[in-house]
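Note that the UniProt record's numbering has the sequence shown beginning at 1, numbered continuously upward.
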Amino acid sequence: MSLFKKLVGKILNQPEEENEQDLVKLGDQLKNADLDYKFAQLFTHSGGFFNYCADEAEALNTLNHILKIEQVKSVFCWDQDLKNFLDVISIPYTTNLELFNDCAFITCEYLIAYDGRIMLSHKNILHYHSSRLPEKIVIMANVSQIVTNLNDAMSKIKRNGNIRNLTSISGSNSKLDTPNKDNTKLFLLLLED
């Protein structure tokens with residue numbers, strides 16, 4: 001049985017404790033894998049939706065597809081580069097988080113391969129707590145943002161300086177972080193640099 005089929009089988013209907021043990025086992029099995037592969041496996045195992053995009057055109061098509069399937073009506077997006085994507089596909093957005101936003105389109109600081117978490121800061125979500133984000137979150141990141149573990153991420157953050165309000169988010173199956181909501185859908189558009 002392929003690793004992918006094993007992952008899919010394990011994701012469905014697993015008790016919380018077994019799911020956490022499975023994440024640790026999977027992480028151990030992937031310890032020698034490439035960082036991008038390891039991150040993708042652990043991110044999807046935690047309930048996230050991983051989308052590899054070779055270029056911005058593919059990212060735009062994937063974003064449009066996600067927003068249509070999820071029936072998104074209003075997006076929270078304050079990043080200028082990301083707003084350009086939304087302008088192209090004519091999706092309404094607000095630059096402040098509003099109660100009527102049913103999706104957030106944001107960037108991130110780092111993708112942590114150790115456990116499939118995504119690190120956010122004030123640069124990504126302003127002053128809002130991650131628990132206030134809508135139930136659908138689309139994150140755009142680059143392959144170069146994948147780091148081995150939390151220590152690597154923190155070292156890079158210290159070098160960059162002036163980053164505050166750090167938090168991390170995982171897919172809805174993960175028990176590593178305080179979940180936003182049980183039905184949060186976390187989509188990642190991963191671009192080549």
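Note that beta-carbon positions come from the ideal geometry of N, C-alpha and C, so glycine has one too.
Bear in mind the structure is a predicted one, so any value in this text is a computation, not a measurement.
Which residue marks the beginning of the beta strand (DSSP E) containing residue i, and which one marks its end?
i: N142; result: K136 to N142
i: N51; result: F49 to C53
i: L186; result: K185 to L191
Thinking residue i and residue j are a contact (beta carbons under 8 Å), I'd like their distance in whole angstroms, please.
i: F50; j: A40; result: 5 Å
i: Y93; j: C108; result: Incorrect: roughly 18 Å between the Cβ atoms, too far for contact.
i: V138; j: C103; result: 6 Å
i: E192; j: K136; result: Contact doesn't hold; Cβ gap of about 24 Å is too wide.
i: E189; j: T62; result: The question names Glu, but residue 189 is Leu in the sequence shown. The pair is a contact, with the Cβ atoms about 6 Å apart (cut-off 8 Å).
i: M140; j: A54; result: Not a contact, Cβ separation roughly 14 Å.
i: G171; j: S74; result: Rounded, the Cβ-Cβ distance is 23 Å, inconsistent with contact.
Since residue i sits in a beta bridge, which residues does DSSP pair it with?
i: R117; result: I112
i: T167; result: L120
i: I106; result: I139
i: I146; result: L111
Could you have a look at residue i and say whether DSSP puts it in helix, strand or coil?
i: T62; result: helix
i: I91; result: coil
i: F76; result: strand
i: F100; result: coil
i: S174; result: coil
i: K83; result: helix
i: Q71; result: coil
i: L26; result: helix
i: E56; result: helix
What are the boundary residues of the alpha helix (DSSP H) that includes residue i?
i: F43; result: L35 to H45
i: L150; result: L150 to N160
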